[in-house]
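All remarks here apply to the structure that follows.
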Amino acid sequence: MLTIENIETFYDKVKVLNGISFTVAEGKITAILGNNGAGKSTTLNTILGLIDDQPEKGTILYQGLPIEGRETHRIISLGIGYVPEGREVFEELTVKENLLVGAYQRRDKRAVKEDLERILTWFPALKDRIGQMAGKLSGGEQQMLAIGRALMNKPDLLILDEPSLGLSPRLVTEIFGIIKEINKQGITILLVEQNARMAFQVADEVYIMENGRFVRNGPAVELESDEDVREFYLGIKENESIKGYQRYKRKRTWR
Amino acid sequence: MISQLLVNALVAGSIYALIALSMSIIYKASEIPNFAQGEMAMFSTYITFILLSVLGWPFLYALAGTLVFAFCLGFLFEFIFIRRAKEPNLLGFIIITLGFQMVLYGLAGWKWGSDQRTFSLPFSESEVVFQTESVVLTEHNLASIVLAILVMAGLYLLLEHTNLGLAMKASQQNVRAAKFNGIPTNRILGISFGISSIVGAIAGVLVAPISTLDPSMMWDPLLKGFAAAVLGGMKSLHGVVIGGLLLGLVENLFGFYISLEFKSIVAFAIIMLVLFIKPSGLFDKHYVRKV
Ligand SMILES: Nc1ncnc2c1ncn2[C@@H]1O[C@H](COP(=O)(O)OP(=O)(O)O)[C@@H](O)[C@H]1O
Ligand SMILES: [Mg+2]
Numbered sequence: 001m002l003t004i005e006n007i008e009t010f011y012d013k014v015k016v017l018n019g020i021s022f023t024v025a026e027g028k029i030t031a032i033l034g035n036n037g038a039g040k041s042t043t044l045n046t047i048l049g050l051i052d053d054q055p056e057k058g059t060i061l062y063q064g065l066p067i068e069g070r071e072t073h074r075i076i077s078l079g080i081g082y083v084p085e086g087r088e089v090f091e092e093l094t095v096k097e098n099l100l101v102g103a104y105q106r107r108d109k110r111a112v113k114e115d116l117e118r119i120l121t122w123f124p125a126l127k128d129r130i131g132q133m134a135g136k137l138s139g140g141e142q143q144m145l146a147i148g149r150a151l152m153n154k155p156d157l158l159i160l161d162e163p164s165l166g167l168s169p170r171l172v173t174e175i176f177g178i179i180k181e182i183n184k185q186g187i188t189i190l191l192v193e194q195n196a197r198m199a200f201q202v203a204d205e206v207y208i209m210e211n212g213r214f215v216r217n218g219p220a221v222e223l224e225s226d227e228d229v230r231e232f233y234l235g236i237k238e239n240e241s242i243k244g245y246q247r248y249k250r251k252r253t254w255r
Numbered sequence: 256m257i258s259q260l261l262v263n264a265l266v267a268g269s270i271y272a273l274i275a276l277s278m279s280i281i282y283k284a285s286e287i288p289n290f291a292q293g294e295m296a297m298f299s300t301y302i303t304f305i306l307l308s309v310l311g312w313p314f315l316y317a318l319a320g321t322l323v324f325a326f327c328l329g330f331l332f333e334f335i336f337i338r339r340a341k342e343p344n345l346l347g348f349i350i351i352t353l354g355f356q357m358v359l360y361g362l363a364g365w366k367w368g369s370d371q372r373t374f375s376l377p378f379s380e381s382e383v384v385f386q387t388e389s390v391v392l393t394e395h396n397l398a399s400i401v402l403a404i405l406v407m408a409g410l411y412l413l414l415e416h417t418n419l420g421l422a423m424k425a426s427q428q429n430v431r432a433a434k435f436n437g438i439p440t441n442r443i444l445g446i447s448f449g450i451s452s453i454v455g456a457i458a459g460v461l462v463a464p465i466s467t468l469d470p471s472m473m474w475d476p477l478l479k480g481f482a483a484a485v486l487g488g489m490k491s492l493h494g495v496v497i498g499g500l501l502l503g504l505v506e507n508l509f510g511f512y513i514s515l516e517f518k519s520i521v522a523f524a525i526i527m528l529v530l531f532i533k534p535s536g537l538f539d540k541h542y543v544r545k546v
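These protein sequences, in sequence, are chains R and V.
In this text, residue positions in the first sequence follow the working numbering: the first is 1, and each later residue adds one.
In this text, residue positions in the second sequence follow the working numbering: the first is 256, and each later residue adds one.
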């Protein structure tokens, strides 16, 4: 559904993405894991055309269509929903207005109304606060709102950047339950996470990113049993691979 | 006497409020103080004059033509000049608006320059619609108040009840988020400039009958409108309307009780006072971000 090939992204001449390639299969949940600063958000921003200087190298195909270099609103109109890191709800718009902004590209106004009702039944907390300013919501509610807003675009592909960030464990579980549920409705998901444990629970395919490149990838069930992944991302240590760990501490990478 | 004073204050305040609104719409959308606002309004007013007096259009058609022109002027100003600015910063934008102001001023001076025009609008400053012992209300007074109310109601409907208004508000608050929700933020900014220019043009048409139609006709009203906007808080639309009305009131009270000669410095004094005491204006609320 989404194919990224050899993308390089720079911030002011500093190369942040070193020619990365990956694919998101239709109907599946694909997760990109990696530590803070690895380049995960930059990857998503590149796909969405949100980087000021668009990369000149590489291609991004969405349903076979090249979208690199296009304006963000045109990319969104192809049926992509985006839930950014830190939620970015419109704090001085009401919950309802936030949701309606998400449907901006849609012209089927009657269906928008129905979808609004439907999404509110998924997120009862939002329904109770429909007229409130989004800035007054709690972090968890804002995350729900950001997801609901992205769904209002009726996306075929939903992209989420660290939806668990700053939420309590109970809320994290709830959010991941929702993500799974959305995927069951036929929406393809690209998920970026630092919370590897949760990501492995929902993902079909996992990519692991370090310093702007992928160092491991594969089906979640396979990667989950990879020794290094268990050790460095899931914090599980079985055998005494002290040497590997020391190398990791020294180099902050285990390549 | 005091009731006449209030009428005068309300009329002046309405016009100041319109100018303040036109500045505020752009400021909210882009954080650019548009110093070309007055000349854009002046230019649009000349268009009214041409449509009405030279081409002989009926007033409502001429007004409609003016508003279309004003919209295009604002939209194109954004499209041609503001959007081209690479590495934009505030100073650069201010210089662009000052440059555009001079271009319009020069053009108007060259094309229509020296001779002052009289301008017959259906609302005249000498026709009285309502009179008691203590108050006189002229056609122009009434037109100013009514048009200001219509503009405010129109803006309210636009912002609270249309998709375009929603997109404008969203883009003002977070351009990036507006983009990834599918809003063409550049086009919305251009439209905001166009709408602002329309509001300014209406103010211009109201200023022309009480001043003369010449290229510098908006200098004084613009300073007043700017003062009103600063007083109300540039980013609050209802704030700048209240700012406009307050300025109209203070100015007229000052003119009556203290000095007619120095009435015009009230606006300047208010700008200074606000900048000293509460630079964000009376009604600008600063949202505290939740982390
Ligand atoms: N707007 C920016 N300007 C300059 N450098 C940036 C910007 N955003 C991110 N970076 C840098 O790019 C690298 C990758 O960041 P990011 O994609 O946000 O990582 P992640 O999302 O994996 O935590 C980091 O080193 C970060 O400091
Ligand atoms: Mg990130």
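Each residue gets a CB set at the ideal place from its N, CA and C atoms; glycine is no exception.
Discussion item. Once the 5 residues before and after asparagine 6(R) are set aside, which same chain residues still bring their CB inside 8 Å of it?
Written reply: The sequence position of residue 6(R) within the first sequence is 6, counting from 1. So the list reads Gly19, Ile20, Ser21, Lys57, Gly58, Thr59, once near-sequence residues are dropped.
Practice prompt. Answer yes or no: does any C-beta atom of chain R fall closer than 8 Å to that of arginine 431(V)?
Written response: Numbered from its first residue, the second sequence carries residue 431(V) at position 176. For arginine 431(V), the answer is yes, since a Cβ of chain R falls inside 8 Å of its Cβ.
Worksheet item: So does the segment 324-336 of chain V actually touch the segment 511-518 of chain V, counting three or more Cβ pairs closer than 8 Å?
Response: no
Discussion item. Taking 7 Å as the limit between beta carbons, can you name the residues of its chain near leucine 223(R), skipping five residues before and five after?
Written reply: Working through the first sequence from its first residue, we reach residue 223(R) at position 223. Excluding sequence neighbours, leucine 223(R) sits near Val206, Arg216, Val229.
Item to complete: Give the straight-line distance between the Cα atoms of leucine 315(V) and leucine 362(V), rounded to the nearest whole angstrom.
Response: Looking up residue 315(V) in the second sequence gives position 60. Looking up residue 362(V) in the second sequence gives position 107. Cα to Cα, the separation comes out at about 26 Å.
Worksheet item: Less than 8 Å separating the beta-carbons of methionine 278(V) and phenylalanine 481(V)?
Response: In the second sequence, counting from the first residue as 1, residue 278(V) sits at position 23. In the second sequence, counting from the first residue as 1, residue 481(V) sits at position 226. Yes, Cβ-Cβ distance for methionine 278(V) and phenylalanine 481(V) is below 8 Å.
Practice prompt. Out of Met295(V), Ser426(V), Asp475(V), Leu502(V), point me to the one whose CA is closest to alanine 483(V)'s CA.
Written response: For the purposes of this step, residue 483(V) is identified with residue 228 of the second sequence, where counting begins at 1. It is Leu502(V) whose Cα lies nearest to the Cα of alanine 483(V).
Discussion item. Given the structure, does serine 41(R) come close to ligand 2, in the sense that its CB is under 7 Å from one of the ligand's heavy atoms?
Written reply: Counting from 1 along the first sequence, the entry for residue 41(R) is found at position 41. True, at least one ligand heavy atom lies under 7 Å from that Cβ.
Item to complete: Could you name the residues of the same chain whose beta carbon sits closer than 7 Å to that of tyrosine 542(V), not counting the 5 residues immediately before and after it, in chain order?
Response: For the purposes of this step, residue 542(V) is taken as the residue at position 287 of the second sequence. Residue placement at tyrosine 542(V) cannot be trusted, given a pLDDT of 42 that sits under 50; what the coordinates show is reported in the next sentence. For tyrosine 542(V), where only same-chain residues beyond five positions count, there are no Cβ hits under 7 Å.
Item to complete: Give the interface partners of proline 256(R) over in chain V, defined as CB-CB distance under 9 Å, in chain order.
Response: Beyond the ends of chain R as shown, which are 1 and 255, falls residue 256(R); an answer cannot be given.
Discussion item. Under 8 Å, Cβ to Cβ, is there at least one residue of chain V near glutamate 97(R)?
Written reply: Walking along the first sequence from the start, residue 97(R) turns up at place 97. Answer yes: the Cβ-Cβ gap between glutamate 97(R) and chain V drops below 8 Å somewhere.
Worksheet item: Quick one: does proline 439(V) have its CB under 8 Å from some CB of chain R?
Response: Along the second sequence, read from residue 1 onward, the residue named residue 439(V) stands at position 184. Proline 439(V) counts as touching chain R.
Worksheet item: In three-state terms, what does DSSP make of valine 358(V)?
Response: Counting from one through the second sequence, the residue named residue 358(V) turns up at place 103. Note: valine 358(V) maps to helix in three-state DSSP.
Fill in: Straight-line Cα distance separating methionine 198(R) from threonine 173(R)
By 1-based counting over the first sequence, the position of residue 173(R) is 173. By 1-based counting over the first sequence, the position of residue 198(R) is 198. Using only the alpha carbons, I get a separation of about 8 Å.
Item to complete: Return the residue from the list Glu68(R), Gly177(R), Thr30(R) that minimises the CA-CA distance to glutamate 8(R).
Response: Here residue 8(R) is taken as the residue at index 8 of the first sequence, counted from 1. Nearest option by C-alpha distance: Glu68(R).
Practice prompt. Return yes when the Cβ of aspartate 12(R) is within less than 8 Å of the Cβ of valine 83(R), no when it is not.
Written response: Position 83 of the first sequence holds residue 83(R). Position 12 of the first sequence holds residue 12(R). Not in contact: valine 83(R) and aspartate 12(R) (Cβ atoms no closer than 8 Å).
Item to complete: Find out if the Cβ-Cβ distance for the pair methionine 473(V), glycine 494(V) is shorter than 8 Å.
Response: As a working mapping, residue 473(V) is identified with position 218 in the second sequence. As a working mapping, residue 494(V) is identified with position 239 in the second sequence. Against a cut-off of 8 Å, the Cβ pair of glycine 494(V) and methionine 473(V) comes out as no contact.
Practice prompt. Could you spell out where the beta strand (DSSP E) holding alanine 31(R) opens and where it closes?
Written response: Counting from 1 along the first sequence, the entry for residue 31(R) is found at position 31. Segment 29-34, the beta strand (DSSP E) holding alanine 31(R).
Worksheet item: Are the segment 88-96 of chain R and the segment 120-135 of chain R in contact at 8 Å, needing three or more beta carbon pairs?
Response: yes
Discussion item. Is any non-hydrogen atom of ligand 2 found closer than 7 Å to the C-beta of glutamate 193(R), if you look at the structure I gave you?
Written reply: Indexing the first sequence from 1 puts residue 193(R) at position 193. No, the Cβ of glutamate 193(R) stays beyond 7 Å of every heavy atom of ligand 2.
Discussion item. Let me check understanding here. Comparing Cα to Cα, which of Leu151(R), Leu2(R), Asp156(R), Phe232(R) lies closest to leucine 100(R)?
Written reply: Against the first sequence, residue 100(R) aligns to sequence position 100. The shortest Cα separation from leucine 100(R) among Leu151(R), Leu2(R), Asp156(R), Phe232(R) belongs to Leu151(R).
Worksheet item: Quick one: is the Cβ of valine 401(V) within less than 7 Å of any heavy atom of ligand 1?
Response: The residue you call residue 401(V) lines up with position 146 of the second sequence. No, the beta carbon of valine 401(V) sits no closer than 7 Å to any heavy atom of ligand 1.
Worksheet item: Can you tell which of Leu530(V), Phe374(V), Gly536(V), Ala403(V) has the C-alpha that lies nearest to the C-alpha of threonine 300(V)?
Response: Translated into positions along the second sequence, residue 300(V) becomes position 45. Residue Phe374(V) is the option with its Cα nearest to threonine 300(V).
Practice prompt. Using a cut-off of 8 Å between C-beta atoms, extract the partners of lysine 424(V) located in chain R.
Written response: Taking the second sequence and counting its residues from 1, the one referred to as residue 424(V) is at position 169. Phe90, Glu92, Leu93, Glu97, listed in chain order.
Fill in: threonine 387(V) burial status per 10 Å Cβ neighbour count (16 or more: buried)
In the second sequence, the residue the question calls residue 387(V) occupies position 132. Counting Cβ neighbours within 10 Å, threonine 387(V) comes out exposed, since fewer than 16 surround it.
Discussion item. I want to verify the contact list: residues of chain R whose CB lies under 8 Å from the CB of glutamine 428(V), in sequence order.
Written reply: Indexing the second sequence from 1 puts residue 428(V) at position 173. Within 8 Å Cβ-Cβ: Phe90, Glu91, Glu92, Leu93.
Item to complete: Find the residues of chain V that neighbour glutamine 105(R), judging by a C-beta separation of less than 7 Å, and give them in chain order.
Response: The residue labelled residue 105(R) in the question sits at position 105 within the first sequence. Correct list: Gly437.
Practice prompt. Check whether the Cβ atoms of phenylalanine 304(V) and leucine 359(V) sit closer than 8 Å, and answer yes or no.
Written response: Taking the first residue of the second sequence as position 1, residue 304(V) is located at position 49. Taking the first residue of the second sequence as position 1, residue 359(V) is located at position 104. Contact: no.
Fill in: Residues, ordered as in the chain, of the segment 160-177 of chain R that lie near chain C by beta-carbon distance below 7 Å
No chain C is present in this structure, whose protein chains are R and V.
Worksheet item: In its own chain, which residues sit with a C-beta less than 6 Å from the C-beta of isoleucine 526(V), not counting the 5 before and 5 after it?
Response: Taking the first residue of the second sequence as 1, we reach residue 526(V) at position 271. Taken in chain order, the residues that qualify are Ala482, Val485.
Discussion item. What I want to know is whether the C-beta of valine 16(R) ends up closer than 7 Å to one or more non-hydrogen atoms of ligand 1.
Written reply: Locating residue 16(R) in the first sequence gives position 16, counting from the first residue. Indeed, a heavy atom of ligand 1 lies less than 7 Å from the Cβ.
Worksheet item: asparagine 418(V) CB to nearest chain R CB: under 8 Å?
Response: As a working note, residue 418(V) is residue 163 in the second sequence. Taking Cβ atoms only, chain R reaches closer than 8 Å to asparagine 418(V), which makes this a yes.
Worksheet entry | For arginine 216(R), the three-state DSSP class (helix, strand or coil) | Against the first sequence, residue 216(R) aligns to sequence position 216. Three-state DSSP puts arginine 216(R) in a strand.
Practice prompt. Tell me whether glycine 311(V) sits in a helix, a strand or coil according to DSSP, three-state version.
Written response: On the second sequence, position 56 is the one that residue 311(V) refers to. It is coil, neither helix nor strand.
Discussion item. Less than 7 Å separating the Cβ of alanine 38(R) from some heavy atom of ligand 3?
Written reply: For ligand 3, the structure offers nothing, since it holds only ligand 1 and ligand 2.
Worksheet item: Per DSSP, glutamate 193(R) is paired with what?
Response: Start at 1 with the first residue of the first sequence, and residue 193(R) comes out as number 193. DSSP output for glutamate 193(R) lists Leu33(R) as bridge partner(s).
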